[in-house]
Amino acid sequence: MVVGGGAAGLNGALVLARSRRSVLVVDSGAPRNAPAEAVHGFIVLDGTAPSEILARGREQVRHYGGRVVFGELASAEPAEPVAGDPRFALTLADGRGVSARRVLVATGLRDVLPEVPGLAGHWGRGVVHCPYCHGWEVRDEPIGILATGPGSLHHALLFRQLTDDLVYFSHGTRVDRDTRARLAARGIRVIDTAVTGIVADAGAPTGVRLADGTVVARRVIAVATRTLALLGADVLRVDAPGLPESQEAHNDTGLGKRSALLDLAHGADRRIFDELLDAADVVVTGYRPGALDRFGLAPEALAERRPGLVVARLSAWGAYGPWGGRRGFDSLVQAATGIALLEGDEGRPGALPAQALDHGTGYLVAAGVLRALTERRRGGGTWRVEAALAQTARWLTHGTEPEAPRAGERPGRPYEPGAWLVERDAPLGRLRHALSPVSYEGGPADWARPPGRWGADEPRWTA
324 MVVGGGAAGL
334 NGALVLARSR
344 RSVLVVDSGA
354 PRNAPAEAVH
364 GFIVLDGTAP
374 SEILARGREQ
384 VRHYGGRVVF
394 GELASAEPAE
404 PVAGDPRFAL
414 TLADGRGVSA
424 RRVLVATGLR
434 DVLPEVPGLA
444 GHWGRGVVHC
454 PYCHGWEVRD
464 EPIGILATGP
474 GSLHHALLFR
484 QLTDDLVYFS
494 HGTRVDRDTR
504 ARLAARGIRV
514 IDTAVTGIVA
524 DAGAPTGVRL
534 ADGTVVARRV
544 IAVATRTLAL
554 LGADVLRVDA
564 PGLPESQEAH
574 NDTGLGKRSA
584 LLDLAHGADR
594 RIFDELLDAA
604 DVVVTGYRPG
614 ALDRFGLAPE
624 ALAERRPGLV
634 VARLSAWGAY
644 GPWGGRRGFD
654 SLVQAATGIA
664 LLEGDEGRPG
674 ALPAQALDHG
684 TGYLVAAGVL
694 RALTERRRGG
704 GTWRVEAALA
714 QTARWLTHGT
724 EPEAPRAGER
734 PGRPYEPGAW
744 LVERDAPLGR
754 LRHALSPVSY
764 EGGPADWARP
774 PGRWGADEPR
784 WTA
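To convert, take the position in the sequence shown, counting from 1, and add 323; that gives this note's numbering.
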């Protein structure tokens, strides 16, 4: 069974059908490039409408005996093997059931645009994202770059090769002095006034409206979308009602996740939690080792209950050693591991300018979870990840070497954080926060959602 009837899914189905495999393609009928007039950069088919390519692809799959049905996949579960051969039981949204030996997931990506009125309606035509996909069609036009993060600088330099008339709308992102000089050297004007909408005429963009009412004439808007895999994580933080979290702290750490309250000592809440646990792929705990054992949440108990689960535990001092059962937090660990002494002055203790142990260890946990999920996909099994603030402190003080100055960087020059800061609207007002240090080509520029009120979300999965 192939889930996804776009070009990738149909091409996979075609190859399999030509090998005389029994193939069923489930197509939702909503390809990513549907708004575009034509596909470009695809040899032989350059300039062909996406709908025509898909129609021809379906015809070719059917020619070799494959089947294509329209619908959406609602669930997929392992089924009883047949003669030792694995099986999957799949259910479509309309109730139809399918049994498959193998499942090829080709659901592709979706593009998440900034929330600017009028922007989404022109996506794929007057609003574009790729200078190579759309370059020829938008050449020599007045183009505006709507910034979404640090990656938008590279975006602007690429589009500058297509036109002499380019404006960079910072749209709440910080543009430091060096970046402004670099853009100015290429003749790119920077506008810092917030963008409030897209102005259009006859179905095409004609300008960008700013918060002060000014309209900057533009025929094309280029935006680096946050490209998210449809199989992205649904993250739910669960806390006890009697252990309140500072809203300011939650604003710092709650990006991209929802927050709910459950009392595991209360029967109804415990039942809800157990239902969440039964559907979870990963469980991360942030309490000292042993603190959750009475609720059956020790790593060993979780692994026994849910084979295949990835269990990650983050604590202050680690699971072993004489301090393993102690409570702790970032500042205490900085003091105990000598960081406060290193950062101090004239006999007075100091501290790092940020809670580097909290953030650093959190990213290490995330990396460990991703690796565990990869290994589970390859060979199955239940996986466990252990991380401790004290271990991260040890690496920082004994296991790392200072970075050499970058080319052209003056020693002792103050660090300019502007490129890594962004502003966005959040449920509690305007929020300024640091972007994730994790980035890669085609990856998201920012978290999918801002933090909300601590504990205000429903305890349920949304994905």
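Virtual Cβ for every residue (Gly too), placed ideally from N, Cα, C.
Mapping DSSP to helix, strand and coil, what is residue i?
| i | result |
| --- | --- |
| Asp434 | strand |
| Tyr686 | helix |
| Asp499 | coil |
| Gly752 | strand |
| Val745 | strand |
| Thr660 | coil |
| Val338 | helix |
| Ala397 | strand |
| Phe411 | strand |
| Arg376 | The question names Arg, but residue 376 is Ile in the sequence shown. The answer is helix: DSSP assigns Ile376 an H, G or I state. |
| Val367 | coil |
| Leu615 | coil |
| Trp718 | helix |
| Tyr610 | coil |
| Leu476 | helix |
| Thr537 | coil |
| Ser654 | helix |
| Val384 | helix |
| Trp770 | coil |
| Gly441 | coil |
| Thr516 | coil |
| Leu587 | coil |
| Val461 | helix |
| Val692 | helix |
| Glu781 | coil |
| Glu724 | coil |
| Pro528 | strand |
| Pro404 | strand |
Is it buried or exposed for residue i, if we count other Cβ within 10 angstroms and need 16 for buried?
| i | result |
| --- | --- |
| Ser374 | exposed |
| Pro612 | buried |
| Gln484 | exposed |
| Ser582 | buried |
| Ile544 | buried |
| Trp459 | exposed |
| Val656 | buried |
| His386 | exposed |
| Pro401 | exposed |
| Leu489 | buried |
| Gly565 | exposed |
| Ser638 | buried |
| Arg511 | What sits at residue 511 in the sequence shown is Ile, not Arg. Buried, since its Cβ has 16 or more Cβ neighbours within 10 Å. |
| Gly577 | buried |
| Val538 | exposed |
Look at the alpha carbon of residue i and the alpha carbon of residue j, and state the distance between them as a whole number of angstroms.
| i | j | result |
| --- | --- | --- |
| Arg700 | Arg747 | 36 Å |
| Val692 | Arg541 | 44 Å |
| Gly741 | Ala757 | 9 Å |
| Ala658 | Gly702 | 42 Å |
| Val332 | Arg448 | For clarity, residue 332 is Gly in the given sequence; the question names Val instead. When rounded, the distance between both Cα atoms is 24 Å. |
| Pro773 | Val745 | 12 Å |
| Pro672 | Gly722 | 22 Å |
| Arg549 | Ser493 | Confidence at Arg549 is low in this model, with a pLDDT of 47, below 50, so its placement is unreliable and no value can be given for it. |
| Leu554 | Gly431 | Caution applies to Leu554, whose pLDDT of 31 falls short of 50 and renders its modelled position unreliable; the model cannot decide the point. |
| Leu632 | Gly370 | 47 Å |
| Lys580 | Gly536 | 35 Å |
| Asp557 | Ser759 | 17 Å |
| Leu469 | Ala507 | 17 Å |
| Gly467 | Trp743 | 21 Å |
| Ala399 | Ala602 | 12 Å |
| Ser569 | Asp562 | 12 Å |
| Arg628 | Ala621 | 11 Å |
| Leu751 | Gly775 | 7 Å |
| Glu669 | Thr720 | 20 Å |
| Asn574 | Val498 | 23 Å |
| Ala779 | Val605 | 22 Å |
| Gly474 | Gly644 | 44 Å |
Below 8 Å on the Cβ atoms is my guess for residue i versus residue j; work out the distance and round it to an integer in Å.
| i | j | result |
| --- | --- | --- |
| Pro454 | Leu481 | 4 Å |
| Thr519 | Arg532 | 5 Å |
| Ala340 | Gly407 | The pair is not a contact, with the Cβ atoms about 25 Å apart (cut-off 8 Å). |
| Leu680 | Ala716 | 6 Å |
| Val634 | Arg707 | 5 Å |
| Arg442 | Ile521 | At residue 442 the sequence reads Leu, which differs from the Arg that was named. Going by Cβ atoms, the distance from Leu442 to Ile521 rounds to 5 Å, so yes, they are a contact pair. |
| Ala336 | Val326 | Not really, about 11 Å apart at Cβ, beyond 8 Å. |
| Ala361 | Ala378 | Not confirmed; about 14 Å, so no contact. |
Within 8 Å, do at least three Cβ pairs link the region 582-595 to the region 680-695? No: fewer than three Cβ pairs fall under 8 Å.
Below 8 Å, can you find three or more Cβ-Cβ pairs linking the region 416-424 to the region 503-514? Because the criterion of three Cβ pairs below 8 Å is not met, the region 416-424 and the region 503-514 do not touch.
Any chance the region 383-403 sits against the region 344-352, with 3 or more Cβ pairs inside 8 Å? Touching, per the Cβ criterion.
Within the chosen definition, does the region 648-664 reach the region 708-717 through at least 3 CB pairs nearer than 8 Å? With a cut-off of 8 Å, the region 708-717 and the region 648-664 count as touching, because enough Cβ pairs lie within range.
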